[in-house]
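Engineer: Going by the numbering used here, the letters in the sequence shown line up with residues 14 to 171, in that order. All residues carry an ideal CB built from backbone N, CA and C; glycine is no exception. Here the structure is a predicted model, which means the values were calculated and not measured.
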Amino acid sequence: MKTKSLLIIFAMLLSNILIAGKGEKYGKDLTLKSKTKISDILADPKKFDGKRVLVEGDVLDVYKEQGCWIKLSGDKDNQNIRFKVDDGVIVFPIEVKGKKAQAEGVLSVKTFTKEEQITQDEHHAKEEGKTFDPSTVKGPKTVIQINGEGAVIDKLRQ
Numbered sequence: 014m015k016t017k018s019l020l021i022i023f024a025m026l027l028s029n030i031l032i033a034g035k036g037e038k039y040g041k042d043l044t045l046k047s048k049t050k051i052s053d054i055l056a057d058p059k060k061f062d063g064k065r066v067l068v069e070g071d072v073l074d075v076y077k078e079q080g081c082w083i084k085l086s087g088d089k090d091n092q093n094i095r096f097k098v099d100d101g102v103i104v105f106p107i108e109v110k111g112k113k114a115q116a117e118g119v120l121s122v123k124t125f126t127k128e129e130q131i132t133q134d135e136h137h138a139k140e141e142g143k144t145f146d147p148s149t150v151k152g153p154k155t156v157i158q159i160n161g162e163g164a165v166i167d168k169l170r171q
């Protein structure tokens, strides 16, 4: 009986250690229990504008200079969303790229004029180390992003 009790206690401790070690927290604690699919957000962004959402996806990219944003994969092919935090509030290390993340924040939907979009695209291209051709911008563009407050990134996934 004593051995069985010790095994149960050991199993409980081991599971707590594994659960606690699963994710690295960045920023505030996650408060939402229910996840919103990125595909649902992209299908009807106005429905979620200004609302707090919890999303999950693989980290596709990290801003290499300041770590102030990550790009998360959607639940459908060729979909992603940017999770942007205030500079210096959260710093995502480049090593999180390729790992699974849960991220919470307030969804922002903003339509930029052609001139604003050129400025924004130039800035994003510079952040991502890409070239930008202003002639590719044809008109106003709606930008959807999550203004990030907190994230948990899986430690175990490589």
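(1) Rounded to the nearest angstrom, what separates D100 and K41 at their Cα positions?
(2) Exposed or buried, which one is G36 when buried takes at least 16 other CB atoms within 10 Å?
(3) Could you give the first and the last residue of the continuous beta strand (DSSP E) run that contains K123?
(4) With a threshold of 8 Å on Cβ separation, who are the neighbours of G49 within its own chain once the five nearest residues in sequence on each side are excluded?
(5) Per DSSP, which residues does L43 bridge with? Please list them.
(6) Note down, in chain order, each residue of its chain lying with its Cβ closer than 6 Å to the Cβ of T155, except the 5 sequence neighbours on either side.
(7) State the beta-bridge partners of G36 as determined by DSSP.
(8) Could you compute how far the alpha carbon of V102 sits from the alpha carbon of N160?
Structural biologist: Considering the structure as presented:
(1) As a working mapping, residue 100 is identified with position 87 in the sequence shown. As a working mapping, residue 41 is identified with position 28 in the sequence shown. Rounded to whole angstroms, D100 to K41 spans 15 Å at the Cα level.
(2) The sequence position of residue 36 within the sequence shown is 23, counting from 1. G36 should be labelled buried.
(3) Here residue 123 refers to the residue found at position 110 of the sequence shown. Counting along the chain, the beta strand (DSSP E) containing K123 begins and ends at 113 to 125.
(4) Position 36 of the sequence shown holds residue 49. The amino acid occupying residue 49 in the given sequence is Thr; Gly does not appear at that position. Only F61, V66, L67, V68 meet the Cβ criterion.
(5) Taking the sequence shown and counting its residues from 1, the one referred to as residue 43 is at position 30. Note: L43 sits in no beta bridge, so no partner.
(6) The residue given as residue 155 occupies position 142 in the sequence shown. So the qualifying residues of the chain are T124.
(7) Along the sequence shown, read from residue 1 onward, the residue named residue 36 stands at position 23. For G36, which the question treats as bridged, DSSP gives the partners D167.
(8) On the sequence shown, residue 102 is found 89 positions in, with the first residue counted as 1. On the sequence shown, residue 160 is found 147 positions in, with the first residue counted as 1. Rounded to whole angstroms, V102 to N160 spans 12 Å at the Cα level.
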